[in-house]
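Note sheet for the following structure.
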Amino acid sequence: MDHFAYRDGVMHAEDVALPAIAEAVGTPVYVYSTATFRRHAQVFRDALKGAGRVHLAYAIKANPNVAVLRVLADEGYGADVVSAGEMQRALAAGIPASDIVFSGVGKTRRELAQALDAGIGQFNLELEEEGEVLAALAHARGERAPAVLRVNPDVDAGTHAKISTGRKENKFGVAIDQAVAMFDRLSQHDGLDLRGVAIHIGSQLADLAPLEAAYARIGELVAELRAAGHTISRVDLGGGLGVPYKPDDVLPSPADYGAMVARATADWDVELMFEPGRVIAGNAGVLLTEVIWVKPGVLNPYVIVDAAMNDLARVAMYDAYHDFVAVEPSGERMTANIAGPVCETGDTFAMGRDIDAVKSGDLGIFRTAGAYGATMASTYNSRALVPEVLVDGDRFAVVADRIHPETILAAERVPEWLKR
Ligand code: LLP
């Protein structure tokens, strides 16, 4: 459930009519709903009530806006970060370092050192050498770095290939059949406090069965590790729960997921860590856009909007579906293609879709754009970097400015030898 709804025929975010935001900030612009973030955070937490000791680390990559992080920090969420930049954001939002998990297959030595300096709560190791380097860095500081070993369970999550992470050919984690031997070796290091294991098999998962299969493998691994004499106090179950993008999509609910987790982990006796991203942020944001032209096409008209693939990359990258509705629907329908101004055919949001009839100057929204939206934006075609607005009840604030092309141009230099 989200807080984007029509009132008197006008789409609102909570109590704010979207035309007011378009008027004040211009388009395209991402609009987020605080109440939706809070609700999703609470629903996910409640869903895991039956799963024992739980630590929730919001996967910042889904939506790293510092105001959004502040809301989630208020809701008691820690953070899952994958770069020093994300770590800085989490800290800036007031998330305690001890509640931060540092994931990622390519943490640099510098980032490992920065994270040790910050005192972050858990390193998710992706390879043995990373564990050795981290151990040496921590030992040199007279510390023990808290860590878990990410394993690759070789499970097909049944999602888009580009966001599938748990098959053995993927770059993530260590092969599950090598995990015990690696754990034995890494746990010898004084600089490491190796507490358990982690997995994350993919994103936008529409079926719980692959997750349950992966968790079963992790359960066996925990038993093997304990039999080998290791103390296992934590298991990080990652993120990945999908969200509905189409009006008639039916996905497992957080409650279904929580019940599965409780069942799969009943006898583990560990603290469970979760790294939800999309399920918290996805339906908490929309991309508000204005129709520039309705261009006649051979089969269907092209609705050319002022948002493009540089603002919302998911359609071009993953053939994703984002629902499009008019902000003030007339009741008429049309079959149309929806595309942005960028000069490539990939900049097409929909082909032959039945949508609200729109004309030049009308506003529309792409729904479910709160996760992996603004954060994946670029300035391709020398377009501005898209701004972000956070709504809370009847008030709203710009929480990320539009970065204009002239600002980006000002950061570029013509070297001496090319100057005239
Ligand atoms: N933990 C780890 C280690 C991850 O790699 C990810 C996502 C998450 C947690 C959060 O997963 P979520 O709960 O959001 O599914 N840009 C793509 C999604 C990439 C996901 C990458 N990893 C998209 O727009 O669909």
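Add 1333 to a position in the sequence shown, counting from 1, and you land on the number used in my numbering. C-beta: ideal position from N, C-alpha, C; glycine also. Keep in mind it's a predicted model, so treat the numbers as computed, not measured.
Using C-beta distances below 7 Å, list every residue in its chain close to residue i, excluding the 5 sequence neighbours before and after it, in chain order.
i	result
W1601	G1552, V1555 and V1568
R1371	V1404 and E1408
V1415	K1394, S1436 and G1437
D1517	A1561
A1451	M1420, L1424 and A1430
A1796	Residue coverage of the chain in this structure runs from 1334 to 1753, which leaves residue 1796 outside it and unanswerable.
G1427	R1403 and A1406
Using a Cβ-Cβ cut-off of 6 Å (strictly less than) and excluding sequence neighbours within five positions of residue i, which residues of its own chain qualify?
i	result
P1577	L1584
T1369	D1335, H1336 and A1617
S1711	N1643
Put residue i into one of helix, strand or coil per three-state DSSP.
i	result
W1750	helix
N1457	strand
Y1635	strand
A1508	strand
N1714	helix
L1580	Note that residue 1580 is Pro in the sequence shown, not Leu. DSSP places P1580 in coil when its eight states are reduced to three.
H1388	strand
M1334	coil
V1660	coil
Let me know if residue i comes out buried or exposed under the rule of 16 or more other beta-carbons within 10 Å of its beta-carbon.
i	result
Q1455	buried
K1440	buried
T1367	buried
T1360	buried
Q1537	buried
E1749	exposed
S1715	exposed
Y1548	buried
H1533	buried
D1413	buried
R1483	buried
A1338	exposed
D1589	exposed
P1629	exposed
Which residue marks the beginning of the alpha helix (DSSP H) containing residue i, and which one marks its end?
i	result
A1743	P1738 to A1743
G1552	A1542 to A1560
M1606	Run containing M1606: none in the alpha helix (DSSP H); it sits in the beta strand (DSSP E), E1604 to F1607.
Return the first residue and the last residue of the beta strand (DSSP E) that residue i is part of.
i	result
I1698	L1696 to F1699
G1685	T1681 to D1689
G1411	G1411 to V1414
R1666	R1666 to A1672
R1567	R1567 to D1569
Y1365	V1362 to S1366
M1650	Note, M1650: premise wrong, no beta strand (DSSP E); alpha helix (DSSP H) at R1647 to Y1651.
Among residues of its own chain, excluding the 5 on either side of residue i, which ones have a beta-carbon nearer than 8 Å to its beta-carbon?
i	result
S1566	R1528, G1529, V1603 and E1604
### Query
Can you pull every residue whose C-beta falls closer than 5 Å to some heavy atom of ligand 1, listed in chain order?
A1392, A1395, S1436, I1496, H1533, S1536, G1571, G1572, G1573, E1608, P1609, G1610, R1611, R1647 and Y1705
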